[in-house]
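Below: one structure, written as structure tokens.
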Amino acid sequence: MGSLVLKLLLISVVFCDHGEAMAQFAPQTDLSLWKSIGPEALLERLDKLLDVCIENYEDLTTDLLLGVAIANGQMKSILADARYENQSLVETLKKKCDYVESRINSIFSFPSSANAIVSKLLINSNFWKTNDDSGYDILPQSLLPSGGSEEARSTRRPSHSGRHTLHSYLRALQLGAPNELQSDECLSELLVNESENEFDTAVPDGELLHPKPLLLSRECSNAMSLRRKSYGYHLTHKLLFYLILGKQQFSNIQQEFFTTAKDKLCEQILRESQLIADLAYPEIFRDLFMEQVFLCAYVGYAEFRNQSWLSEIVSWQNDAGCFKYRQDADREGANALTTECSTHMTGVGAAVLGLFARLQLIG
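Now the structure itself:
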């Protein structure tokens, strides 16, 4: 008993500068769990992942580069916060992220396709930094009713009510919009005004000189409609669209509209995430689950700062430092960086590790 008290006292001293942020994230975390999902553990995991990226620099894909850029934005946010004093590891990670992120400059010179435009503009760590004008809440917001005991709150979580099984959910994932092509096209409409030829004159680092009105095509308005039911990646792509919409601060879009959209979409995503957890995290859904947790935690919802979910996600990182689909049996797979590394899943993993380290250290 005495040794446990001593350990707790040591932890309180080491993390005194960012205790509030950690308390919000993990008020009940035991020491053994904290060793796997605490901020230092997450940063070490990110370091290992980045080493794989550096070793395979010439083979990096845009999916993986985007995840690293997002993680880099979180490192920059930590370094910019005076409450966190032990910055040496974070500074090292930022330098590694900077190097990996620089790969985008040699992949695209002047982008032409919608996917290339979106990749070139979003693979920018400054775009993903947190700041007071980001439109996201520093303190986690809840999708569930407040008040009452924790046990009572847990019984009111959004439920799939038995309507979906593994097979019915697989069928539902085919429904809705946007598809991948629509997502790229609509994101490019958000990121580039009027035509892609304005790319070179875009304001750097996500900053705005003068807010402009949003001009959205009818196709994108239909694809991104909140009235149109979507599932799985269709739903997370739609949330990504509204996340970027909130960051761009168009003159004809009120912040309340973005807030309503992210509330509605993350309520739906929470039902799906809970279903995947209840199904014991089938491997086929793990990449999607990671994407769901990252996006809704990034926009500020407490339900996605779930310790058991984070613990499950980090357990999927292999000894090589990567996250991997089972079907990527060898390097020839379309989604494989190495025999141990799936590019999209590892990119999302980098984003998750960076985000949750930042949430625990500075909020």
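Residue numbers (our numbering): 4 to 366. Backbone N, C-alpha and C fix where the C-beta goes; we use that ideal spot for every residue, glycine too.
Please check the pair residue i and residue j, which I expect to be a contact at CB under 8 Å, by giving their CB distance rounded to whole angstroms.
| i | j | result |
| --- | --- | --- |
| Ile365 | Asp84 | 4 Å |
| Gln320 | Gly352 | 6 Å |
| Ile256 | Leu268 | The pair is not a contact, with the Cβ atoms about 16 Å apart (cut-off 8 Å). |
| Val55 | Ala226 | Wrong, their Cβ atoms sit about 35 Å apart, outside the cutoff. |
Which residue from the options puts its Cα closest to that of residue i?
| i | options | result |
| --- | --- | --- |
| Thr341 | Glu43, Glu58 and Leu45 | Glu58 |
| Arg48 | Ala226, Val71, Asp66 and Tyr245 | Val71 |
| Gly357 | Val55, Lys97 and Trp37 | Lys97 |
| Thr133 | Ala339, Leu68, Lys250 and Trp37 | Lys250 |
| Asp290 | Glu43, Asp66, Glu61 and Tyr87 | Asp66 |
| Thr64 | Gln90, Thr95 and Lys123 | Lys123 |
| Tyr87 | Ile316, Glu43, Ala119 and Asp322 | Glu43 |
| Ala119 | Thr168, Val93, Val195 and Pro214 | Val195 |
| Ser116 | Glu192, His240 and Val93 | Glu192 |
| Pro214 | Ile316, Tyr60 and Gln252 | Gln252 |
| Leu68 | His240, Glu94 and Ser109 | Ser109 |
| Leu169 | Arg329, Gln258 and Leu278 | Leu278 |
| Asp2 | Leu92, Asp62, Lys38 and Tyr60 | This structure cannot settle anything about residue 2, because the visible part of the chain is limited to 4 through 366. |
DSSP state of residue i, grouped into three classes?
| i | result |
| --- | --- |
| Gln144 | strand |
| Ala360 | helix |
| Tyr304 | strand |
| Thr239 | helix |
| Leu229 | coil |
| Ala83 | coil |
| Leu340 | strand |
| Ser345 | strand |
| Gly350 | helix |
| Cys325 | coil |
| Ile126 | coil |
| Tyr245 | helix |
| Val17 | Any reading at Val17 must be qualified, since the residue scores a pLDDT of 35, below 50, and its modelled position is unreliable; no value is offered. |
| Ala283 | coil |
| Gly151 | With a pLDDT of 41 at Gly151, under the threshold of 50, the predicted position of this residue should be treated as unreliable, and no value is reported. |
| Thr65 | helix |
| Val296 | helix |
| Asp33 | coil |
| Val195 | coil |
| Arg274 | helix |
| Gly366 | coil |
| Asn75 | helix |
| Tyr172 | helix |
| Arg289 | helix |
| Gln310 | helix |
| Asn59 | coil |
| Val355 | helix |
| Phe111 | coil |
| Gly234 | Contrary to the premise, residue 234 reads as Tyr rather than Gly in this sequence. Tyr234 falls in the coil class under three-state DSSP. |
| Arg159 | Low confidence applies here, because Arg159 scores a pLDDT of 42, under 50, leaving its location unreliable and the question unanswered by this model. |
| Leu97 | Note that residue 97 is Lys in the sequence shown here, rather than Leu. Three-state result, Lys97: helix. |
| Gly70 | helix |
| Trp319 | coil |
| Lys215 | coil |
| Ile256 | coil |
| Glu88 | coil |
Going by beta-carbon coordinates alone, are residue i and residue j separated by less than 7 Å?
| i | j | result |
| --- | --- | --- |
| Leu238 | Ile272 | yes |
| Phe297 | Leu45 | no |
| Phe307 | Cys299 | yes |
| Asn129 | Glu104 | no |
| Leu218 | Val121 | no |
| Cys325 | Thr346 | no |
| Pro216 | Ser171 | no |
| Arg361 | Ile81 | yes |
| Tyr234 | Leu178 | yes |
| Val302 | Leu229 | no |
| Lys99 | Leu53 | yes |
| Ile107 | Ala354 | no |
| Gln77 | Tyr304 | no |
| Ser318 | Gln295 | no |
| Ala180 | Arg231 | yes |
| Ile40 | Ser314 | yes |
| Glu343 | Leu146 | no |
Are three or more beta carbon pairs between the region 282–289 and the region 260–269 nearer than 8 Å?
-> no
Between the region 222–232 and the region 185–194, do three or more beta carbon pairs fall short of 8 Å?
-> yes
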